[in-house]
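All residue numbers for the sequence shown refer to full-length UniProt numbering, where the first residue is 1 and numbers rise by one. Working notes, beginning with the structure itself.
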Amino acid sequence: MFLTWVSKCELLQAPPEAHILKGFNEGCQRGICSMVVGFLSNTSEQQSSTEVAASPLPPSMSVVLATPAHVRWAMEPLGHSFALGMEDSGVILGAIGVYEKWLGLGSASADGRPKCMHAQEQEFIRDLLGHMSLLFEDKEGHRSKPDLIATHATLCQTVLDLYSALGRKRGTQLTAATWDHLLRLLLGITDCVLHGSKHTLALSLCAHLFRVTLEQFILSLHVTGVKGELWNMLLKFCRRWLHRKAVIEQWHKASLALTQHLMGRLHAPPPSSSEHAAPPPSVSIKWMDNAHVTCFELASPLLAYAWYRVMRVIGHPSLFVDPDVYLAAITGVHDLAQVFSLAKPASTPAPPKPPQLPDVNTILRILGPWLFDASLNRTAAPRFALCRAEAIRCLGGLLCRHGIGRTKQVSWPFTIRALMAIQKALLDTDEVVVVAAAVVSCSRIFGTHGTHTLRGVGVLAGSFHYAIDHILSLTVTKTAVAPSRKDSLVDKRSSMASDLDSSAAVPAAVGGVAVTVLRRACIEACSSLLTIHSHYPLAITKQVEKTLVANERLDESLLPGIYSSLPRYQSSNVVTLLINYLKTEQDPTNQQMAMWQLTIAVQKEALFWAVGLASTRNSQVPATISTICSFVTKVPSRWKPAVIFTALECLRYLTIVSEHLFKHVFSSCVFLISCVCEFMAANAQVLRATRSPPPYLDQLIASATSCLLEWVVTTPQLLSKAQVMVKVIATTVDAADVHVDFPATTPHADHATRQSAQHLLEYLVKHHAHGNVDGAKQTYDPAAVHYTWNLHTVLSILETTDYVQLTLRDSSGCYQWRTQPQYVPSKLATLASAPPSPPPAQSHPSQHAPTPTSTPVSPLEANPDPLLRSLRKNAASLTSWSTEGWEGNSGGKHATDASAKRHEAQVTLFQSLLQSQSNDFVQHRRIATVNLLEPPPPAHSTTHIARRLLSQLGFLSVASWGSLLPLLPSSGQLVKDLQALDRLPTRETYEIGIAYVVNQPSRAGYDVVNLVTTSTCSDAYLGFLATMGSAVDAHSYGGFLGYLDRNLPDSRALVYAQHNYEVAYYVPTLGHASVLDKAEVLIVWNECQQNYRPGTALWASAYNLPPPKACVTIVIDPLDDGLFCVRICVDGSAFDLSNGDATRAADDTFSGRVLGPLQDGMVVGSEWLGPLIRQTALNAVHVHRLHLRYKHSLGLSSQSPIRPQEKRTKLIAAIAKQYMDPMLPGDFYSALFVPDKGAVHED
């Protein structure tokens, strides 16, 4: 006796002797069932009550139902109770209680089953289960009675809970036949309720029915094992339930849980042979309602079988016709794809064998039919737009992330279908939801171009540009008209596509995607389109198409998908897009990304100018520079500090092509310098006048000063215009404020501004000798006389018969002047004619500290350097060598200036000291023993030529007494200390690692990646190294090499140097593998098929590379046709936007900075790969050090990077304190005037 629908479906055959009461009238059925159920359900209660009253005991259950025949007789009215109407719900509930005890699911302390059932328990259980299935019969008379329908649903849920409890609690005690009976019965019940749309309980029981059915099928594997017949029946019947959304949602939960546990089993390390076999870990399924959780244990082979069967249980995606149900299925498929490609972060300690993830081909074999059906076969149905969008989002994630690293070549069928699906989505502007999903998920798809990944992705370039243009136009539309749709998804699509909101100027979302995220994806795609558009010319494309298409007369309308028929754009269109985009963008991160890309565009166009591939006519460079400068000049307060920082950095990095910019767009260069100077002048005044200035303003002005320094040093021709020269010098002098005429209201608020401006002045002096000068090694003559100036400068003078050499060592470097006397003093009688005047002295900055230059330079008339000319005209402001405590030559200051008053005070003090010393001489009659008349015995003293040079430089002025003191050499130790000082670097030093990795054959199914330490490398890698720096001999090189050993014979090194920094590269292919862990930024040339992301467990175990100090890793993936994909990982660095550091939340100095110029996922050509990688790495180290110094200033870090200037200052101070010889004014000046011995005797 069971549900009639079960026998109609030919699942079970009902015996003819069953269901005896069916032929009786309704009154008789209700009476018999009520009496039997009442008696059997109340027996235990009556027994307990009579025990208390001391009355006679009623007969027990075992006495009433003594034989199996008695039990079967009682089961007839009990089972028929489930077929009664809901008016007898009490009777049905009593029958459920009796059957719960007879199934052994009652109280654990007492067994409610009759003893006669034990011998035939399995047969009785099958009958009990069948009787309860009668409750699921549809009650036609209850359709107009909602309260009865609710009661019916509650009772059915109670029965379903008994079915579930039986399988979970007593599943191992059931035989295979009982399991077969239960599963067939559940299939019939579920199909009876769900197969159509007429059953009154379908909506309320759908989720519960499918949950119990799927759960029992999985639990039955313990006993039945692999039984394909039942699973095939489930697959067959499940197709009749696909119109129910709850069925798909429950399938989603089950398949997702099984996939997660299966991947966990695959990733778990195998147990060792010595260990005992541990039970398999428990499997848990959290169902849709979150109230039911199924936990069970299942062996790994059975778990894999269950996962395979559950994944296929809903059949082919073409069976779905309802868009809501299909969307639920595609959403489940998307979640499954994420589980397949989930890469766990690296742990400490790292696991010995990392989990191996399936590659993209494997995932597409499992989920591809769903994704391609939704994205290709549903394009003509607008009601499936959300389904297409979800499928494109999943497909783009799989392709762009390469299956999270397992980058095997995507097979041609998958490649063609994927490109067709993405192309259709990008060109379908009628469905904004689809276009938005394609742009967001596929923004980095151009990085998959290559024979090892996704071939032919270049065909998407025009389509992507077209979609980006359309999307950006929608994000700035003020009003929009909602298209009228006559389907059930109108409200849902309207809520997801918020661009239909006409009340807001800028919509909050477009196509269900936030505008900020969508526009960021557009910028990411534009970063690759800058290269892609110029890499595949249209003429070459058409020529290739003619070779591919056999019939050249074929009309293009018959092949609408060929490349030449798609939208075509150029790199200039991308630049126009970015310039127009920045006019309306408000997100700081997006603004910075766009500015970095415009910087790259300017550098590329300047390179084309240099090689004659582009013309300056209709060039976009002036507009690009103006756009970036607008973030500095137009209301800077409206932008975030990070945006202004990046704008100044972009302008600074344009100096790489400053020579071409000066030649072709001179006016833009002048405008750039003017904008930076105006920014410095305006904000320096605000910084010093404001009582509580923003903490980042000082750093902003310092960054602007650095930008100005780069432009002045790299393009001194700009100073040929008097207006530019005056503006630069005036701005710099005002910012430095050497005389502290404008002290800041808040102490030390303008420290970085003053320091950077003084740094600019020092570099102006250091680089004023224009042209290449052949340097000679530094010589240390024991005849030189050494002085210290304010304990911060060492002054060395060497006078010979031909010249006087002045060497000045300070924190910024080592400088030398070599001069000859303009006249030689002689007697008037023998002076026949005045000697010819030699050329004026020249100052020579040392290019490297160990090898300063000492060769004279051509005179000013022969040197057309405008920077030198401007410095000569402003010598009073720029060459005073002023330090704290000394103002140098006053330069004609007004008597009311503070410096003039201090000068008068020092003169008065000097006069008083001389007077007191003279009185002391007179009183003690020591005039004959004055040091004036006695030259220093062994020491070499300066003569009139050196004295005159010191006087002209301002070192011997009365106001400077006490600042210039001699140093006494101590057995050559002073010379050794000066040599150590000259060995210290004078510029910022950076250490960058470059690793070259290749694939090795896999071992035991695990990836093997090898770090190459030999010189056998690919040509592309060697070409990349050649663009990163210069190869030098480490033994003879005098510059910075970091931790490299100079003493090794035949050791090679890769270095790069500019006027303000030096870079030492640690390259394992050059023998530097042992110091790779010292690198601040790690660059990885990845010639592997794996593309794991740095910071994940897969990366840490497969690549086994040391983490960089700045937490920035740049991975270069070579693609086809001279293209390269650059992946940048900044997790844990100063550029990590997800870092929730409290210090960064309190202050905006380093919050929201975007690393550039290169962006993560960007595609670059080989001609600019090396310079852009170097710029990005140096920018990462620069900001990393600034961040560490900032944290140290707040007391949040115990370490801070020490600048080279600080190291030199500390050593100079130590030298001065150790060798300084203090003197009184008379002794000091008398030592400078030493007459010859003959003159003394004559006197």
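Glycine is no exception: its CB is placed at the ideal position from the N, C-alpha and C atoms. Quantities reported herein were computed from a predicted structural model and do not represent experimental measurements.
For residue i, count neighbouring C-beta atoms within 10 Å of its own C-beta (all shown protein chains included) and say buried if the count is 16 or more, exposed if not.
i, result
"SER1193", "exposed"
"ARG691", "exposed"
"SER527", "buried"
"LEU831", "Unreliable positioning characterises LEU831 in this predicted model, as indicated by a pLDDT of 38, which lies under 50. The coordinate reading is nonetheless provided below. Label assigned to LEU831: exposed."
"GLY612", "exposed"
"SER1030", "exposed"
"ASP359", "buried"
"SER220", "buried"
"HIS316", "exposed"
"GLY771", "Because the pLDDT of GLY771 is 35, which lies under 50, any placement of that residue in the model is unreliable, and the question is left without a value."
"SER1198", "exposed"
"PRO813", "It should be pointed out that residue 813 corresponds to Gly in this sequence rather than to Pro. Counting Cβ neighbours within 10 Å, GLY813 comes out buried, since at least 16 surround it."
"SER756", "buried"
"ALA1231", "buried"
"GLN723", "exposed"
"PRO1108", "buried"
"THR627", "buried"
Based on Cα-Cα distance, which residue from the options lies nearest to residue i?
i, options, result
"TRP231", "ALA202, THR259, VAL313", "VAL313"
"LEU460", "SER473, LEU472, ALA438", "ALA438"
"GLN820", "VAL804, VAL476, TYR1056", "VAL804"
"PRO782", "ALA1057, SER957, LEU978", "LEU978"
"ASN618", "LEU968, THR576, THR1069, LEU3", "THR576"
"ARG983", "ARG809, ARG1003, SER1030, LEU11", "ARG809"
"TYR305", "THR224, VAL794, SER463", "THR224"
"SER796", "LEU968, ALA610, ARG211", "LEU968"
"LEU214", "SER164, THR627, ALA380, GLY228", "SER164"
"LEU162", "ILE96, LEU187, HIS118, LYS22", "ILE96"
"ALA257", "GLU229, GLY228, ILE218", "ILE218"
"GLN620", "PRO588, VAL574, LYS640, VAL643", "VAL574"
If I'm right that residue i touches residue j with Cβ under 8 Å, what's the distance once you round it to whole angstroms?
i, j, result
"LEU128", "LYS169", "No, LEU128 and LYS169 are not in contact; Cβ-Cβ is about 15 Å, not under 8 Å."
"LEU709", "VAL676", "Between VAL676 and LEU709 the Cβ distance is about 10 Å, and since that is not below 8 Å, they are no contact."
"SER375", "ALA385", "Not a contact, Cβ separation roughly 11 Å."
"THR705", "ALA735", "6 Å"
"VAL1183", "ALA1134", "5 Å"
"ALA594", "TYR581", "6 Å"
"ALA1097", "LEU1011", "Rounded, the Cβ-Cβ distance is 18 Å, inconsistent with contact."
"GLU76", "ILE125", "GLU76 to ILE125, Cβ: 17 Å. No contact."
"PRO693", "VAL686", "7 Å"
"ARG160", "LEU209", "Position check: residue 160 holds Leu in this sequence, whereas Arg was assumed. 7 Å between Cβ atoms; contact."
"residue 1286", "VAL333", "With the chain covering only 1 through 1243, there is no way to say anything about residue 1286."
"LEU319", "LEU242", "6 Å"
"SER133", "VAL6", "7 Å"
"ALA995", "VAL1084", "5 Å"
"LEU718", "CYS669", "6 Å"
Got a sec: is the Cβ-Cβ distance from residue i to anything in chain B below 8 Å?
i, result
"ILE248", "Looking at the structure shown, chain B is missing, and only one protein chain is on hand."
Decide yes or no for the touch test of the segment 279 to 290 against the segment 257 to 269: beta carbon pairs closer than 8 Å, at least 3 of them.
-> yes
Decide if the segment 1161 to 1174 is in contact with the segment 1115 to 1128; the criterion is three or more beta carbon pairs, one per stretch, under 8 Å apart.
-> yes
What are the uninterrupted segments assigned as alpha helix (DSSP H) that are 4 or more residues long and contained completely in the segment 241 to 311, given in chain order?
-> 245 to 267, 300 to 311
Can you list the beta strand (DSSP E) stretches of 3 or more residues lying completely in the segment 647 to 732, in chain order?
-> none
Inter-stretch contact at 8 Å, needing at least 3 Cβ pairs: the segment 1059 to 1077 / the segment 1037 to 1045 | yes
Pair every Cβ in the segment 947 to 959 with every Cβ in the segment 1176 to 1188, then say whether three or more of these pairs are closer than 8 Å.
-> no
Any chance you could list the alpha helix (DSSP H) runs of at least 4 consecutive residues sitting entirely within the segment 1018 to 1105, in chain order?
-> 1019 to 1028, 1097 to 1103
Cβ contact check for the segment 288 to 306 and the segment 361 to 373: 3 or more pairs under 8 Å | no
Does the segment 647 to 661 touch the segment 708 to 727, meaning 3 or more C-beta pairs lie closer than 8 Å?
-> yes
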